[in-house]
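Numbering (our numbering), first residue to last: 124 to 221.
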């Protein structure tokens, strides 16, 4: 990631140059210059945890102790959301506060 030495904005690039959109700065790209694109990271899959201490039953088949996992679906200052999954019937549902 390169920044414009004139105004400090992030430089954009095309096939043969880096350039600034805010000012007339241009830097020609030489053969030894390597441009790396961002690689998207794979989403981390969390394995369901066995339910040891929560007293929850499956609303579909009434089995006790379903598996659960937590996800961050709100902003970082909000608590994680808990989702349950019944290993017997594969029913999934969110945790609802009473």
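The C-beta atom is built at its ideal place from N, Cα and C for all residues, glycine as well.
For residue i, report the span of its beta strand (DSSP E) as first-last.
i: residue 149; result: 149–151
Would DSSP call residue i helix, strand or coil?
i: residue 135; result: strand
i: residue 193; result: strand
i: residue 129; result: coil
Look up residue i in the DSSP assignment and give the residues it is bridged to.
i: residue 215; result: 208
i: residue 140; result: 151
i: residue 200; result: The partner list for residue 200 (beta bridge, DSSP) is empty, contrary to what the question assumes.
Rounded to the nearest angstrom, how far is the Cβ of residue i from that of residue j, given a contact under 8 Å?
i: residue 182; j: residue 216; result: 6 Å
i: residue 126; j: residue 135; result: Going by Cβ atoms, the distance from residue 126 to residue 135 rounds to 11 Å, so no, they are not a contact pair.
i: residue 163; j: residue 179; result: With 8 Å as the limit, residue 163 and residue 179 do not qualify as a contact, their Cβ atoms being about 35 Å apart.
Flag residue i as yes if its beta-carbon sits less than 7 Å from any beta-carbon of chain D, otherwise no.
i: residue 152; result: Absence of chain D from the displayed structure is noted, only one protein chain being present.
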